[in-house]
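Chains as they are written, first to last, in my numbering: chain A, 27 to 155; chain B, 27 to 155; chain C, 27 to 155; chain D, 27 to 155; chain E, 27 to 155; chain F, 27 to 155.
Just below is one structure, and these are the notes that go with it.
There are 6 protein chains.
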Amino acid sequence: MSTVDIPSEAQATDEVEAVFAEIRRAFGMPFVPNLFKVMAHNPAYLKASWERVKVVMGPGLLDRKTKEMIAVAVSAVNGCDYCVLAHTAALKSMGVGDGELVELMAVVDLFSGFNKLLEGLQVPPDIGA
Amino acid sequence: MSTVDIPSEAQATDEVEAVFAEIRRAFGMPFVPNLFKVMAHNPAYLKASWERVKVVMGPGLLDRKTKEMIAVAVSAVNGCDYCVLAHTAALKSMGVGDGELVELMAVVDLFSGFNKLLEGLQVPPDIGA
Amino acid sequence: MSTVDIPSEAQATDEVEAVFAEIRRAFGMPFVPNLFKVMAHNPAYLKASWERVKVVMGPGLLDRKTKEMIAVAVSAVNGCDYCVLAHTAALKSMGVGDGELVELMAVVDLFSGFNKLLEGLQVPPDIGA
Amino acid sequence: MSTVDIPSEAQATDEVEAVFAEIRRAFGMPFVPNLFKVMAHNPAYLKASWERVKVVMGPGLLDRKTKEMIAVAVSAVNGCDYCVLAHTAALKSMGVGDGELVELMAVVDLFSGFNKLLEGLQVPPDIGA
Amino acid sequence: MSTVDIPSEAQATDEVEAVFAEIRRAFGMPFVPNLFKVMAHNPAYLKASWERVKVVMGPGLLDRKTKEMIAVAVSAVNGCDYCVLAHTAALKSMGVGDGELVELMAVVDLFSGFNKLLEGLQVPPDIGA
Amino acid sequence: MSTVDIPSEAQATDEVEAVFAEIRRAFGMPFVPNLFKVMAHNPAYLKASWERVKVVMGPGLLDRKTKEMIAVAVSAVNGCDYCVLAHTAALKSMGVGDGELVELMAVVDLFSGFNKLLEGLQVPPDIGA
């Protein structure tokens with residue numbers, strides 16, 4: 027259970043509802059994710075964060091599927107169930123199957139292991155790396 | 027400085043040299059990375075780890091560039107300079123430029139922040155996520 | 027479910043009960059938190075840990091509310107539900123509301139993101155920092 | 027050394043220079059921190075990130091000194107030398123001394139330890155927590 | 027609930043079943059842990075990972091009990107409930123009691139705290155360390 | 027460079043010197059590690075922390091070598107160079123060689139990888155685990 031009240035969408039002020047409407051439209055979802063609802067306790071923070079989501083996840087040099095894969099990989103390493111679930115669902119809606127998800131996590135497994143091994147033995151970077 | 031001796035390639039036994047030769051060939055590099063050289067203190071571990079690298083990073087459902095991007099993202103979150111440097115170099119050798127690297131890290135930034143916010147407020151996953 | 031037995035307060039030896047009595051008094055609570063109950067499997071560790079809690083969380087150069095905020099921020103980054111819940115409850119008992127909690131977590135969000143971005147691009151500290 | 031080119035302030039386009047000018051003014055510093063300079067590879071990301079810094083670190087329900095302390099605590103747990111150095115310098119410029127910094131880190135020490143102990147023994151939250 | 031389908035043992039191809047049979051035998055368990063079942067979506071990854079488990083956890087310079095303790099300690103720091111539960115069960119089957127488990131976690135507590143304190147104050151290693 | 031002044035041993039008050047003398051004796055070293063010297067900014071914290079070190083690292087149910095191995099493993103996962111260096115040196119002084127250190131880190135590698143894989147696929151614990 028959240029440590030703060032999760033405001034309902036019906037409670038939103040006009041300022042907050044304007045952001046919520048954009049979020050529902052952008053994600054093609056009938057509801058606003060809890061992540062953004064809790065941010066509504068601080069409307070300026072909600073607004074600035076949503077602007078940044080649009081910039082970072084919107085069209086750019088990397089395609090959206092790659093970005094969603096990085097989102098899941100990062101959230102796995104940081105240990106965030108919420109984001110792992112939400113962005114795996116996004117990948118599935120793009121047609122990504124179980125085989126790809128396991129292959130993605132195999133890369134996370136491989137490097138998370140090597141990352142700690144290298145720290146534990148204090149191995150210096152290779153010349154020219 | 028490494029906490030264990032980093033064996034030189036010239037010291038390698040035949041068993042270890044067979045793996046080293048494969049590594050140099052696979053990476054198209056004239057030397058074996060320190061990561062694999064320290065593993066040579068335990069040849070069975072070196073061999074099993076290299077076999078797994080080939081499986082995980084070799085041809086599959088995800089392309090190599092995506093895998094290298096995930097390698098850099100994971101290593102950034104885990105805080106491993108060695109792997110960040112090595113796999114950023116790999117991405118650059120594939121033609122990835124500064125703009126793409128910054129966009130990649132923007133995704134890492136975005137989700138690393140949200141991951142901790144969600145934990146700190148104990149926000150439950152959305153219904154249907 | 028805990029991997030070790032959680033001893034009941036009624037089972038406590040005199041040595042352990044002396045610490046438990048202090049804990050109940052210090053926190054103004056009718057029960058001893060599970061954190062300290064599991065430590066009772068090693069009474070010397072319980073005692074030394076409680077002494078340190080008193081020193082670190084007791085009167086000093088920082089006020090208690092600031093310390094509780096740091097406790098929640100640290101526990102969010104480390105991913106500890108138990109401590110996030112316990113120390114958010116402590117903040118609420120001091121009158122901290124949802125707006126402040128979200129603002130606290132906005133700082134955690136901001137820096138957790140930047141921390142990983144800087145690692146991922148290996149950005150050197152600024153001269154004079 | 028950064029894995030991407032750190033653009034000089036002199037190279038900034040008008041769009042980027044407008045943000046840079048605000049940053050120098052806001053921090054009262056004659057130069058732009060490397061964190062923001064690397065972001066200039068993606069001007070929209072720089073702009074959205076700076077807007078969010080202003081919202082999160084600007085006036086609100088928590089005072090600036092508390093926010094800077096949380097910044098240092100979070101960066102310590104995430105292992106970011108850059109942010110630890112930059113925000114400790116900020117605290118010192120507000121008159122925070124070595125005693126307070128050690129007391130701050132004592133809280134980080136205490137909870138980082140307990141966080142992992144609780145995970146390792148799978149201790150459930152207390153009833154009513 | 028897992029984000030990917032967990033294949034039943036009955037569904038295993040001959041290639042996968044050969045690994046599964048070895049796993050059941052090695053662990054002396056009538057079933058294959060979910061960790062290995064999800065890997066079966068990528069049989070080459072399952073096989074290479076299992077080979078590595080045998081090398082790393084099999085006979086060597088450290089005894090099995092020490093390795094299981096390290097497994098639990100590492101999993102506590104990384105925040106993995108699954109591995110904490112599985113390898114604590116392994117320790118208990120070797121006769122390790124609650125007192126030893128608490129002492130193990132006391133070491134994890136002590137160093138997790140000091141690790142973050144040292145980062146937060148940027149304390150340099152001692153000469154000769 | 028440390029963000030706080032590292033007090034010299036010669037500056038120590040009688041209260042601090044009493045702890046320092048015990049530390050030098052306990053470690054059989056002619057100097058006090060920087061970890062404890064920075065704590066001297068807060069003598070009560072130094073004293074309580076040292077008492078806890080004695081309890082946790084002193085004689086108990088686990089032997090000292092096992093505890094030092096756990097210290098290195100935990101510090102590797104948490105990314106603390108200082109503690110990795112100090113406690114690897116302690117292990118070497120007990121006769122632990124490069125082969126054992128690599129085997130220790132192979133366990134850290136194996137589980138750090140699996141820990142993140144399991145989180146990334148949200149794999150539930152096995153029945154009976």
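All C-beta atoms in this analysis are idealised placements derived from N, C-alpha and C, irrespective of residue type, glycine included.
Every value quoted in this text rests on a predicted model; they were computed, and no experiment measured them.
Worksheet item: How big is the Cα-Cα spacing for A74 (chain F) and A74 (chain C)?
Response: Locating residue 74 (chain F) in the sixth sequence gives position 48, counting from the first residue. Locating residue 74 (chain C) in the third sequence gives position 48, counting from the first residue. The C-alpha of A74 (chain C) is placed about 7 Å away from the C-alpha of A74 (chain F).
Practice prompt. Pick out whichever of C:R51, C:G121, C:D31, C:G84 has its Cα sitting closest to the Cα of D63 (chain C).
Written response: Counting from 1 along the third sequence, the entry for residue 63 (chain C) is found at position 37. Strictly speaking, residue 63 (chain C) in this sequence is Lys, with Asp absent from that position. Residue C:D31 holds the alpha-carbon nearest to the alpha-carbon of K63 (chain C) among C:R51, C:G121, C:D31, C:G84.
Item to complete: With G146 (chain E) as the anchor, note down where its alpha helix (DSSP H) starts and where it stops.
Response: Numbered from 1 along the fifth sequence, position 120 holds the residue referred to as residue 146 (chain E). From DSSP, the alpha helix (DSSP H) with G146 (chain E) extends over 124 to 147.
Worksheet item: DSSP state of S119 (chain F), grouped into three classes?
Response: Counting from 1 along the sixth sequence, the entry for residue 119 (chain F) is found at position 93. In this structure, S119 (chain F) counts as helix in the three-state DSSP scheme.
Worksheet item: What is the rounded straight-line gap between the Cα of L130 (chain E) and the Cα of G121 (chain E)?
Response: To locate residue 130 (chain E), count along the fifth sequence from 1; it is residue 104. To locate residue 121 (chain E), count along the fifth sequence from 1; it is residue 95. L130 (chain E) and G121 (chain E) have their alpha carbons spaced roughly 14 Å apart.
Worksheet item: Would you report the Cα separation of S101 (chain D) and A36 (chain E), rounded to the nearest angstrom?
Response: Against the fourth sequence, residue 101 (chain D) aligns to sequence position 75. Against the fifth sequence, residue 36 (chain E) aligns to sequence position 10. Inter-residue distance for S101 (chain D) and A36 (chain E) is about 48 Å (C-alpha atoms, whole angstroms).
Practice prompt. Measuring only between beta-carbons, confirm whether V122 (chain E) sits less than 8 Å from chain C.
Written response: Taking the fifth sequence and counting its residues from 1, one reaches residue 122 (chain E) at position 96. The beta carbon of V122 (chain E) sits no closer than 8 Å to any beta carbon of chain C.
Worksheet item: Is the Cβ of Y108 (chain E) closer than 8 Å to any Cβ of chain B?
Response: The sequence position of residue 108 (chain E) within the fifth sequence is 82, counting from 1. Y108 (chain E) does not count as touching chain B.
Worksheet item: By Cβ distance below 8 Å, which residues in the same chain neighbour T114 (chain F) in space, the five residues on each side in sequence not counted?
Response: Within the sixth sequence, the letter at position 88 stands for residue 114 (chain F). Cβ-Cβ distances below 8 Å link T114 (chain F) to V98, L127 in the same chain, with the five nearest sequence neighbours on each side left out; the list follows chain order.
Item to complete: Consult DSSP for F57 (chain C) and reduce its assignment to one of helix, strand or coil.
Response: Counting from one through the third sequence, the residue named residue 57 (chain C) turns up at place 31. Reduced to three states, the DSSP call for F57 (chain C) is coil.
Discussion item. Measuring straight from C-alpha to C-alpha, what distance separates A116 (chain C) and P150 (chain D)?
Written reply: Here residue 116 (chain C) is taken as the residue at index 90 of the third sequence, counted from 1. Here residue 150 (chain D) is taken as the residue at index 124 of the fourth sequence, counted from 1. If I take the Cα positions, the gap works out to 17 Å.
Worksheet item: At what residues does the alpha helix (DSSP H) containing L72 (chain C) begin and finish?
Response: The sequence position of residue 72 (chain C) within the third sequence is 46, counting from 1. Counting along the chain, the alpha helix (DSSP H) containing L72 (chain C) begins and ends at 69 to 83.
Discussion item. Please return the same chain residues whose Cβ sits closer than 7 Å to the Cβ of I49 (chain D), not counting the five positions on each side in sequence.
Written reply: Taking the fourth sequence and counting its residues from 1, one reaches residue 49 (chain D) at position 23. Closer than 7 Å at Cβ, skipping near neighbours: V58, F62, W76.
Practice prompt. Note down, in chain order, each residue of its chain lying with its Cβ closer than 7 Å to the Cβ of V103 (chain D), except the 5 sequence neighbours on either side.
Written response: Stepping through the fourth sequence from its first residue, residue 103 (chain D) is reached at position 77. Excluding positions up to five away in sequence, the list reads V134, S138.
Worksheet item: List, in order along the chain, the chain F residues whose C-beta lies closer than 8 Å to that of D31 (chain B)?
Response: Indexing the second sequence from 1 puts residue 31 (chain B) at position 5. Here the neighbours are D124.
Worksheet item: Under 7 Å Cβ-Cβ, which residues of chain E neighbour E77 (chain B)?
Response: As a first step, residue 77 (chain B) must be located in the second sequence, where it is residue number 51. Under the 7 Å cutoff, chain E gives A74, E77.
Practice prompt. Please classify M65 (chain C): does DSSP put it in a helix, a strand, or coil?
Written response: As a working note, residue 65 (chain C) is residue 39 in the third sequence. Helix.
Fill in: Delimiting residues of the alpha helix (DSSP H) encompassing A102 (chain B)
In the second sequence, residue 102 (chain B) corresponds to position 76, counting from 1. Looking at the DSSP string, the run of the alpha helix (DSSP H) that includes A102 (chain B) is 90 to 104.
Worksheet item: Nearest to V45 (chain A) by alpha carbon, out of A:T29, A:S28, A:Y71, A:K91?
Response: As a working mapping, residue 45 (chain A) is identified with position 19 in the first sequence. Comparing Cα positions, the closest option is A:Y71.
Practice prompt. Using beta-carbon positions only, say whether V42 (chain A) and P69 (chain A) come within less than 8 Å of one another.
Written response: Within the first sequence, residue 42 (chain A) is the residue found at index 16, counting from 1. Within the first sequence, residue 69 (chain A) is the residue found at index 43, counting from 1. Yes; because the gap between Cβ atoms is below 8 Å, this pair is in contact.
Discussion item. Looking at chain E, is there any beta carbon in it that lies within less than 8 Å of the beta carbon of N141 (chain C)?
Written reply: Residue mapping note: residue 141 (chain C) aligns to position 115 of the third sequence, counting from 1. No, its Cβ sits nowhere closer than 8 Å to a Cβ of chain E.
Worksheet entry | Cα-Cα separation between A38 (chain D) and H67 (chain D), rounded to whole angstroms | If you number the fourth sequence from 1, residue 38 (chain D) lands on position 12. If you number the fourth sequence from 1, residue 67 (chain D) lands on position 41. Each residue's alpha carbon lies about 10 Å from the other.
Worksheet entry | Inter-residue Cα distance where the pair is D110 (chain A) and M55 (chain F) | Here residue 110 (chain A) refers to the residue found at position 84 of the first sequence. Here residue 55 (chain F) refers to the residue found at position 29 of the sixth sequence. According to the sequence displayed, residue 110 (chain A) carries Val and not Asp. Rounded to the nearest angstrom, the two C-alpha atoms are 48 Å apart.
Worksheet item: With a cut-off of 8 Å, does the C-beta of V134 (chain E) fall near any C-beta of chain C?
Response: Indexing the fifth sequence from 1 puts residue 134 (chain E) at position 108. With 8 Å as the cut-off, V134 (chain E) does not count as an interface residue toward chain C.
Practice prompt. List the residues of chain E that K93 (chain F) touches, going by C-beta distances under 7 Å, in chain order.
Written response: The count along the sixth sequence starts at 1 and reaches residue 93 (chain F) at position 67. What K93 (chain F) touches in chain E: V133.
Discussion item. When you compare the CB positions of L136 (chain F) and V79 (chain E), do they come within less than 8 Å of one another, or not?
Written reply: The count along the sixth sequence starts at 1 and reaches residue 136 (chain F) at position 110. The count along the fifth sequence starts at 1 and reaches residue 79 (chain E) at position 53. Closer than 8 Å, so yes.
Item to complete: Find out if the Cβ-Cβ distance for the pair E94 (chain C), G105 (chain B) is shorter than 8 Å.
Response: Working through the third sequence from its first residue, we reach residue 94 (chain C) at position 68. Working through the second sequence from its first residue, we reach residue 105 (chain B) at position 79. The Cβ atoms of E94 (chain C) and G105 (chain B) do not sit closer than 8 Å to each other.
Worksheet item: Taking any Cβ of chain F, which residues in the segment 36 to 51 of chain D have a Cβ under 8 Å from it, in chain order?
Response: Those would be none; no residue qualifies.
Discussion item. Quick check: what's the CA-CA separation for F140 (chain B) versus G123 (chain F)?
Written reply: In the second sequence, counting from the first residue as 1, residue 140 (chain B) sits at position 114. In the sixth sequence, counting from the first residue as 1, residue 123 (chain F) sits at position 97. So the two alpha carbons sit approximately 43 Å from each other.
Practice prompt. Can you tell me the Cβ-Cβ gap for A132 (chain E) and V82 (chain F), rounded? I've got them flagged as a contact below 8 Å.
Written response: Taking the fifth sequence and counting its residues from 1, one reaches residue 132 (chain E) at position 106. Taking the sixth sequence and counting its residues from 1, one reaches residue 82 (chain F) at position 56. Contact annotation, A132 (chain E) with V82 (chain F): C-beta distance approximately 5 Å; criterion of less than 8 Å satisfied.
Discussion item. Taking the straight line between their C-alpha atoms, what separation do you get for D107 (chain C) and D89 (chain B)?
Written reply: Here residue 107 (chain C) refers to the residue found at position 81 of the third sequence. Here residue 89 (chain B) refers to the residue found at position 63 of the second sequence. Rounded to whole angstroms, D107 (chain C) to D89 (chain B) spans 37 Å at the Cα level.
Discussion item. Among the candidates E:K91, E:A112, E:I96, whose CA atom is the shortest distance from the CA of N60 (chain E)?
Written reply: For this step, residue 60 (chain E) is matched to residue 34 along the fifth sequence. Looking at the Cα atoms, E:A112 is the closest of the given residues.
Fill in: Contact list for P151 (chain A) against chain B, beta-carbon separation under 8 Å
One-based indexing of the first sequence puts residue 151 (chain A) at position 125. Near P151 (chain A) (Cβ distances below 8 Å), the residues of chain B are N60, D107, Y108, L111, A112.
Worksheet item: Expressed to the nearest angstrom, what Euclidean distance is found between the alpha-carbon atoms of A155 (chain B) and Q148 (chain F)?
Response: Within the second sequence, numbered from 1, the residue matching residue 155 (chain B) stands at position 129. Within the sixth sequence, numbered from 1, the residue matching residue 148 (chain F) stands at position 122. Unreliable placement is indicated for A155 (chain B), whose pLDDT of 42 sits below 50; the coordinate value is still reported in the next sentence. Roughly 13 Å separates the two Cα atoms.
Item to complete: Determine the direct distance from the alpha carbon of L87 (chain F) to that of D152 (chain E), and round the result to whole angstroms.
Response: Position 126 of the fifth sequence holds residue 152 (chain E). Position 61 of the sixth sequence holds residue 87 (chain F). One C-alpha to the other measures close to 30 Å.
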